[in-house]
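Take 1 as the starting number for the sequence shown in UniProt numbering and just add one per residue. Think of the CB as a built atom: it goes at the ideal place given N, C-alpha and C, for glycine as much as any other residue. Nothing here was measured: the structure is a model prediction, and the numbers come from that model. Inspection log for the structure reproduced underneath, given as structure tokens.
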Amino acid sequence: MGTCTEEGLKLVISSSLLGPHWLLFEGGTWLGPSNLRRLGYNLHRNGTHLSLVVPHGAEGLLYEETDPSHVRYSFTLLLKDNVTLETKTNFTVTCRAPAAQISCFPNGTVAFTAPRVDIKPPVDMSKLALHDSSCGPQKVGPNGAYFEFGVDTCGTLRKLHDDFLVYENEVSVPRETLSFGHTFITRDNVYRLKVTCSYRLNDTLSLIASARSGQRARFEFAPVLPIQMVFRQGECLALTLL
């Protein structure tokens with residue numbers, strides 16, 4: 001059973017579900033006494049249950065996705081055979097925390113702040129990137145990393161869902177090697193934030209346009225959405241999503 005408490009993410013597992021020769025792992029890290037102390041995890045056993053508490057922001061948490069108001073993070077405990085190290089089973093607990101608002105603008109621009117999270121060792125927010133690794137944050141501040149991009153850029157995926165055109169991208173941090181004295185460990189992606197914008201297919205968007213007499217009007221915008229254009233000089237340019 002997994003719960004979210006003030007102390008952290010808590011897993012309580014019946015001893016009947018644990019093999020007699022199984023080891024506890026977080027990813028590739030064996031949760032022996034020294035690693036439990038280093039990570040700050042609290043492990044307790046009695047005759048009937050095993051209890052593990054992983055503090056908020058501890059190493060080993062995976063930050064996975066967001067909706068307009070929350071970010072989700074989880075911890076997975078692996079149980080492996082002590083000889084073959086084959087994974088026998090796993091248990092996962094998931095919690096949610098407040099996140100910044102995502103803004104989906106009518107012209108196809110997406111803007112949001114990827115929230116800073118209390119992970120140890122901390123994540124370098126300037127290294128966050130979208131699907132296209134060249135698309136990093138515009139700026140990094142105390143609250144997180146600010147991104148702004150068009151829905152036709154940065155590896156954004158597009159799909160149809162009912163009456164909506166849905167655009168999806170994802171923020172992640174590259175795999176990195178961390179140094180602890182003479183010890184080096186590789187940390188996989190611990191920050192993954194899913195960003196989604198939905199546009200109703202029959203919405204009509206309008207841009208104000210004007211043209212000088214005798215000159216061809218120029219409109220500098222990226223055709224980021226399937227559009228139908230109607231233009232008359234001196235009137236509005238209407239963009240209708242198809």
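The secondary-structure analysis by DSSP pairs His-161 across a beta bridge with Phe-164. For Arg-38, there is no enclosing beta strand (DSSP E); the enclosing alpha helix (DSSP H) has its first and last residue at 33-39.
In summary, Leu-165 is buried, with 16 or more beta-carbon neighbours lying within 10 Å of its beta-carbon over all protein chains present. DSSP places Ser-15 in the helix class (H, G or I) of the three-state scheme. The beta carbon of Lys-80 is closer than 7 Å to those of Trp-22, Leu-23, Phe-25, Glu-86, Thr-87, Lys-88 in its chain, skipping five residues each way along the sequence.
Contact annotation: Arg-192 and Ser-172 have beta-carbon atoms nearer than 8 Å. Take Val-123, set aside five residues on each side of it, and the residues of its chain with a beta-carbon closer than 6 Å to its own are Val-173, Tyr-191, in chain order.
Contact check for Gly-40 against Pro-20 fails: the beta carbons are separated by 8 Å or more. The alpha-carbon separation between Thr-156 and Leu-9 amounts to approximately 32 Å. When rounded, the separation of the alpha-carbon atoms in Gly-27 and Val-12 is 19 Å. If you look at Phe-105, you'll find it isn't in any beta strand (DSSP E); DSSP assigns it neither H nor E.
Comparing alpha carbon positions, the residue from Gly-60, Asn-46, Leu-130 closest to Asn-169 is Leu-130. Here the C-alpha atom of Leu-61 lies approximately 37 Å from the C-alpha atom of Leu-201. Taking a contact as a CB-CB distance under 8 Å, the pair Arg-96 and Arg-116 does not count as one, their CB atoms being some 16 Å apart. Relative to Ile-102, the option among Gly-47, Tyr-167, Thr-29, Thr-113 whose CA is nearest is Thr-113. Secondary structure of Ser-134 (DSSP, three-state): coil. Counting along the chain, Arg-45 sits inside the beta strand (DSSP E) bounded by residues 42-45. Between the alpha carbons of Ser-14 and Gly-141 lies a gap of roughly 44 Å.
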